[in-house]
Amino acid sequence: MSTVQCTGCRKTTTEEQLRDGLCGLCVYDRDKAKYSAENAELEAASRARQRRAHIATTISVLFVIAAIVGYIVVKKARYDARHSRQEHYREY
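Residue numbers for the sequence shown follow my numbering, so the first one is 1 and each next one is one higher.
Encoded structure:
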């Protein structure tokens with residue numbers, strides 16, 4: 001068994017224990033960093049999707065509120081117009 005140095009931490013270990021020139025701990029750290037970066041990207045994408053969904057929901061709610069307010073305004077305008085005509089006819 002020959003001893004070699006890990007290229008990551010320079011620890012001396014046997015050649016059989018190295019993988020891609022790295023000892024087990026360095027391989028673990030490398031993989032952990034890679035998965036952490038992937039998880040960060042996935043979380044950012046998830047937050048972006050949630051933000052878009054929240055914006056779409058807010059816009060939908062605002063349109064519903066605008067439709068209700070518009071309906072009430074039109075109904076009141078028709079009511080006022082009808083009653084103002086009736087008052088006009090009563091004057092004569």
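Note that CB positions come from ideal geometry on N, CA and C, so glycine has one too.
How would you label residue i, buried or exposed, when you count the other beta carbons within 10 angstroms and need 16 or more for buried?
i	result
Leu42	exposed
Leu22	buried
Cys9	exposed
Do residue i and residue j have their C-beta atoms within less than 7 Å of each other?
i	j	result
Ser2	Glu16	no
Review point. In chain order, which alpha helix (DSSP H) runs of at least 4 residues are fully inside the segment 44–89?
Key: Whole alpha helix (DSSP H) segments, 4+ residues: zero.
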